[in-house]
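Chemist: Each residue of the sequence shown is one higher than the one before, starting from 1 at the first, in full-length UniProt numbering. The C-beta atom is built at its ideal place from N, Cα and C for all residues, glycine as well. This one's a predicted model, so the numbers in the text were calculated from it and none came from an experiment.
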Amino acid sequence: MSSDKNTRVKGEEIGVQESKSGATSYSAVDPNERIPVASRVLGSISRGWDWLEEMLFGRYHATYGLAVTRILIGLTGLGLLLTNFSARHYAFGVGSAWNGEIADPKSDFPNIWLFSLFHRAVTNPPLFTAMIIGLAILAVVIILGWRTRIVLPFYLVLWVSFIELNDGAGDQGDNAYRMFMIAMLFADTTRRWSLDAKRKRQQNPEFPETDGGSYRWALIMANNLAIVVLAFQVCAIYMSGGLYKAGGAAWQHGFAVYNPLHTQQFGTWPVLSDLLTAWGPMVVAISWGSVLFQCAFPFMLFNRYTRIVGLLGILSFHLGIALLMGLPWFSLTMIAVDAIFIRDRSFEKLHKLVSRWWKSTSEGMERAKANASR
1 MSSDKNTRVK GEEIGVQESK SGATSYSAVD PNERIPVASR VLGSISRGWD
51 WLEEMLFGRY HATYGLAVTR ILIGLTGLGL LLTNFSARHY AFGVGSAWNG
101 EIADPKSDFP NIWLFSLFHR AVTNPPLFTA MIIGLAILAV VIILGWRTRI
151 VLPFYLVLWV SFIELNDGAG DQGDNAYRMF MIAMLFADTT RRWSLDAKRK
201 RQQNPEFPET DGGSYRWALI MANNLAIVVL AFQVCAIYMS GGLYKAGGAA
251 WQHGFAVYNP LHTQQFGTWP VLSDLLTAWG PMVVAISWGS VLFQCAFPFM
301 LFNRYTRIVG LLGILSFHLG IALLMGLPWF SLTMIAVDAI FIRDRSFEKL
351 HKLVSRWWKS TSEGMERAKA NASR
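1. Mind checking GLY173: buried by the 16 CB within 10 Å criterion, or exposed?
2. Spatial neighbours of SER360 within its chain, please: C-beta separation below 8 angstroms, excluding the five flanking residues on both sides.
3. Where does ALA285 fall in DSSP's three states?
4. For a quick check, are the C-beta atoms of THR333 and TYR155 less than 8 angstroms apart?
5. Give me the Cα-Cα distance between HIS253 and VAL291, rounded to the nearest whole angstrom.
6. Which ranges would you report for the alpha helix (DSSP H) in the region 235-318 if only whole runs of at least 4 residues count?
7. Counting only C-beta atoms, is ALA226 closer than 8 angstroms to chain C at any point?
8. Can MET221 and LEU327 be called in contact, C-beta distance under 8 angstroms?
9. With DSSP run on the structure shown, which of helix, strand or coil describes GLY74?
10. Counting only the same chain and skipping the five closest in sequence on each side, list residues whose C-beta sits under 7 angstroms from that of ALA91.
11. Can you check whether the CB of PHE330 is closer than 8 angstroms to the CB of ILE321?
12. Can you tell me where the alpha helix (DSSP H) holding LYS106 begins and where it ends?
13. Taking Cβ positions, are LEU219 and ASP188 nearer each other than 8 angstroms?
14. Jot down the residue ranges of each uninterrupted alpha helix (DSSP H) in the region 183-233, minimum 4 residues, whole runs only, in chain order.
15. Less than 8 angstroms between the CB atoms is what I'm expecting for PHE186 and ALA121, so what's the real figure, rounded?
16. Is the beta carbon of LEU75 closer than 8 angstroms to that of ALA136?
17. With a threshold of 8 angstroms on Cβ separation, who are the neighbours of THR277 within its own chain once the five nearest residues in sequence on each side are excluded?
18. Flag this pair as yes or no: are the beta carbons of LEU324 and SER287 separated by less than 8 angstroms?
19. Three-state secondary structure (DSSP) at TRP146?
20. Taking just the CA atoms, how far does PRO298 sit from GLY364?
21. When you compare each of ARG199, ALA231, LYS200 and PRO205 to PRO183 by their alpha carbons, which one comes out closest?
22. With three or more C-beta pairs closer than 8 angstroms as the rule, is the region 141-148 touching the region 59-76?
Right, dumping it as structure tokens:
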């Protein structure tokens, strides 16, 4: 019994190591040895650096989220162009000359050569219409994800040139749209759900695991840093908006939501506005809840469960703005970038679930057709 105890004690006090030659060497380890503070700090810094290096260079992050961002950004641009196409000359073209922006633009962009293309064509209605149609085609190409690395810069330049024609017709959603697209120039938004991914998979069966060649690390770093920039921009928008609201008396007293819903400009659905604001506690809950969600959103991202609650809350927030205040394109722009906070694993689970449902539905339809033909 005593020999077993001695052996166990020796095993705890002696570390066994094997050298490359196969020989076994023993090194004494004192379990009570105190590690110097400097060594602990350096060890923590080393682990933190390894984590940062893995996050930046290890793999592409948010591949599905960026694909959703690309698709929704394209849909936002296409939707805005289509809904304003019949009034294009009155909202952005020669019909809006009364506001003086054709002669003296309020925005600085038309004075920059690169972003002055639409401003030069605005007095030529056929050319102006053709350019809008071309911009809409580029939006469709963005949605499909075809040669996006080449198409997106052209789309960005033309979009800024178009949207800055009439400063009075825009809103802060246009600024966010432009900032998000600048960050997307450095991201690989076509690794999922795109024609580019399909083409690369045909050329390289191991795509997307081995693409990029010797510059793969640089492409991964650019992609992941673009995600960081997008995340920072979104969090800054929500946080600054929430803090600004918190400083207003209407938000502090809980009736701020009531005011815009009963104006001619933002009360686009009077019946729904009346229904939503008929009960005072509901108005207070929505007013205070929007402030809390916006201010807390960046901190809710650190935990999986709070992140789900935060994303659902922000989604409801934007759906309300889109439906009740008539700002669908602003809401869709923000929802597009919120998608980067959803893990690839969650998108993969959703994709499998939808695929199984589609397969079972298709098989059921085939069986129903077969039974009907008998």
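Modeler: Based on what the coordinates show:
1. Against the sequence shown, residue 173 aligns to sequence position 173. Per the 10 Å Cβ criterion, buried.
2. Working through the sequence shown from its first residue, we reach residue 360 at position 360. Closer than 8 angstroms at Cβ, skipping near neighbours: no residue.
3. Position 285 of the sequence shown, counting from 1, holds the residue named residue 285. Helix at ALA285.
4. For the purposes of this step, residue 333 is taken as the residue at position 333 of the sequence shown. For the purposes of this step, residue 155 is taken as the residue at position 155 of the sequence shown. No; because the gap between Cβ atoms is not below 8 angstroms, this pair is not in contact.
5. Within the sequence shown, numbered from 1, the residue matching residue 253 stands at position 253. Within the sequence shown, numbered from 1, the residue matching residue 291 stands at position 291. If I take the Cα positions, the gap works out to 12 angstroms.
6. 249-252, 258-261, 270-277 and 280-300
7. Although the question refers to chain C, the structure presented lacks it and comprises just one protein chain.
8. Counting from one through the sequence shown, the residue named residue 221 turns up at place 221. Counting from one through the sequence shown, the residue named residue 327 turns up at place 327. The answer is no: Cβ separation not under 8 angstroms.
9. Position 74 of the sequence shown, counting from 1, holds the residue named residue 74. Of the three classes helix, strand and coil, the one that applies to GLY74 here is helix, per DSSP.
10. As a working note, residue 91 is residue 91 in the sequence shown. Excluding positions up to five away in sequence, the list reads ASN84, ASN166 and ALA169.
11. Numbered from its first residue, the sequence shown carries residue 321 at position 321. Numbered from its first residue, the sequence shown carries residue 330 at position 330. In this structure, PHE330 lies closer than 8 angstroms to ILE321 by Cβ.
12. Your numbering for residue 106 matches position 106 in the sequence shown. Where LYS106 is concerned, there is no enclosing alpha helix (DSSP H), given that its DSSP letter is neither H nor E.
13. Here the question's residue 219 lines up with position 219 in the sequence shown. Here the question's residue 188 lines up with position 188 in the sequence shown. Yes; because the gap between Cβ atoms is below 8 angstroms, this pair is in contact.
14. 195-203
15. Here residue 186 is taken as the residue at index 186 of the sequence shown, counted from 1. Here residue 121 is taken as the residue at index 121 of the sequence shown, counted from 1. Actually they are not in contact, since the Cβ atoms of PHE186 and ALA121 sit about 30 angstroms apart, beyond 8 angstroms.
16. Position 136 of the sequence shown, counting from 1, holds the residue named residue 136. Position 75 of the sequence shown, counting from 1, holds the residue named residue 75. Not a contact, by the Cβ cut-off of 8 angstroms.
17. Residue numbering aside, residue 277 sits at position 277 when the sequence shown is read from its first letter. Excluding residues within five positions, the ones whose Cβ falls inside 8 angstroms are VAL257, TYR258, LEU261, HIS262 and VAL283.
18. As a first step, residue 324 is located in the sequence shown; it is residue number 324 there, counting from the start. As a first step, residue 287 is located in the sequence shown; it is residue number 287 there, counting from the start. Their beta carbons are not under 8 angstroms apart, which means LEU324 does not touch SER287 by this criterion.
19. On the sequence shown, position 146 is the one that residue 146 refers to. In the structure shown, TRP146 sits in coil (DSSP, three-state: anything other than H, G, I, E or B).
20. For the purposes of this step, residue 364 is taken as the residue at position 364 of the sequence shown. For the purposes of this step, residue 298 is taken as the residue at position 298 of the sequence shown. So the alpha carbons of these two residues sit roughly 45 angstroms apart.
21. By 1-based counting over the sequence shown, the position of residue 183 is 183. For clarity, residue 183 is Ala in the given sequence; the question names Pro instead. It is ALA231 whose Cα lies nearest to the Cα of ALA183.
22. yes
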